[in-house]
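Engineer: Start counting the sequence shown at 41; every next residue gets the next number (the numbering used here).
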Amino acid sequence: MKKEKRIVIKVGTSIITSSSGPFETLYLSEIVGDLCKVKEGREIILVSSGAIGAGMKVLGMADYPNILSVKQATAAVGQSRLMHIYEELFARYNQPIAQVLLTHRELRNRKERLNILNTFSTLFSFSVIPIVNENDAVATEELIFSDNDALASHLASLLAADLLILLTDENGLYKIDQDGNRYELIREVCEITKEMDGWVRDIEGKISRGGMKAKLSAVKLALDSGIKTVIASGKKKGIISEIIGGERVGTVFLPK
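#1: In three-state DSSP terms, what is K45?
#2: Per DSSP, L206 forms a beta bridge with which residues?
#3: Helix, strand or coil, according to DSSP, for I247 in the structure here?
#4: For V168, name the three-state secondary structure that DSSP assigns.
#5: Between the Cα of S265 and the Cα atoms of M236, K234, L199, which residue gives the shortest distance?
#6: May I ask which residues mark the beginning and end of the beta strand (DSSP E) holding L195?
#7: Just to confirm the assignment, what range does the beta strand (DSSP E) spanning T291 have?
#8: Mapping DSSP to helix, strand and coil, what is S88?
#9: Could you give the distance in angstroms between the alpha-carbon of A102 and the alpha-carbon of K79?
#10: Counting Cβ pairs, one atom from each stretch, are 3 or more of them under 8 Å apart for the segment 104 to 112 and the segment 153 to 168?
#11: Who are V229's beta bridge partners in DSSP?
#12: In terms of alpha-carbon separation, which member of R82, L66, I55, G52 lies closest to S284?
#13: L213 and T159 - do their beta-carbons sit closer together than 8 Å?
#14: Excluding five sequence neighbours on each side, which residues of the same chain lie with their C-beta closer than 8 Å to the C-beta of E210?
#15: Pick helix, strand or coil for Y214, following the three-state DSSP scheme.
#16: Please classify N173: does DSSP put it in a helix, a strand, or coil?
#17: Is it buried or exposed for Q119, if we count other Cβ within 10 angstroms and need 16 for buried?
#18: Round the Cβ separation of S88 and L122 to the nearest angstrom and send it over; I've been treating them as touching at under 8 Å.
#19: What does DSSP give as the partner residues of R222 in its beta bridges?
#20: Which residue's Cα is closest to the Cα of L68: P136, E287, T208, D202?
#21: Distance check for N134 and I71, CA to CA, integer angstroms please.
#22: Under the three-state reduction of DSSP, which class applies to V140: helix, strand or coil?
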């Protein structure tokens, strides 16, 4: 089995935040430990949501901000808190990390894309794990990604990643019946069909954007770039090790 050397892992807001505090550190701690366990001989990029969710908790906000300036301010408050938590968790494994904040602008411009590639290449040479998030604090409407699933997919394509892992609070993609009830977890997908599009819908929660529909759109982009993609539960202990080890977990999407 081919070793997947360059891997983009996206952690969703639903894994990071909780009703009791700014972060669900139990799951995040497990993910960081698992990530460091499999890092040897690999280049890992972690795309992390949670800045706005963290900022909402700090500022006592109940609903996801819709006004751009409020959203940006909330993200600015939350991003520093998010990175502080990551620094503490990765320090347990003596693993250096770096913060990288991006908007659509950097990925649209050829010169800036090359600069991103050079930056990541240098970080990898120092065995640093880049932690990437959308730069919500400065992005204008036309530069905003619809969600971090899209950001992760675009980044995986730019970096020619071997594998994209989307961690969420779901076990993967499910078939649904006419009443909208889930009845079967799909283990492997070789082609995304219109029927599958009908199985998913986007849900904008109190502290997050997107949903399984957004993930499916991100998967399509990754598959078009020839990147194997997995949607799985970030709440399952050892999930990253299992995916990389070829275990039958989550939903695996295989490029043609």
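Cβ atoms here follow ideal geometry from the backbone N, Cα and C, with glycine treated the same way.
Structural biologist: A quick look at the data gives this:
#1: coil
#2: K50, I271
#3: For I247, the predicted structure reports a pLDDT of 42, less than 50, and the residue's modelled location is therefore unreliable. The matter cannot be settled from this model.
#4: coil
#5: Among M236, K234, L199, the Cα nearest to that of S265 belongs to L199.
#6: Taken as a continuous stretch (DSSP letters only), L195 belongs to no beta strand (DSSP E), being part of the alpha helix (DSSP H) at 188 to 198.
#7: Boundaries of the beta strand (DSSP E) around T291: 291 to 293.
#8: strand
#9: 37 Å
#10: no
#11: F293
#12: According to the sequence provided, residue 284 is Ile. The question's Ser does not apply to it. Among R82, L66, I55, G52, the Cα nearest to that of I284 is on R82.
#13: no
#14: M252, I271, S273
#15: Strand, per DSSP.
#16: strand
#17: Q119 is buried by the Cβ-count criterion.
#18: 7 Å
#19: I216
#20: T208
#21: Taking the straight line from one Cα to the other gives about 15 Å.
#22: If DSSP states are grouped into helix, strand and coil, V140 belongs with the strands.
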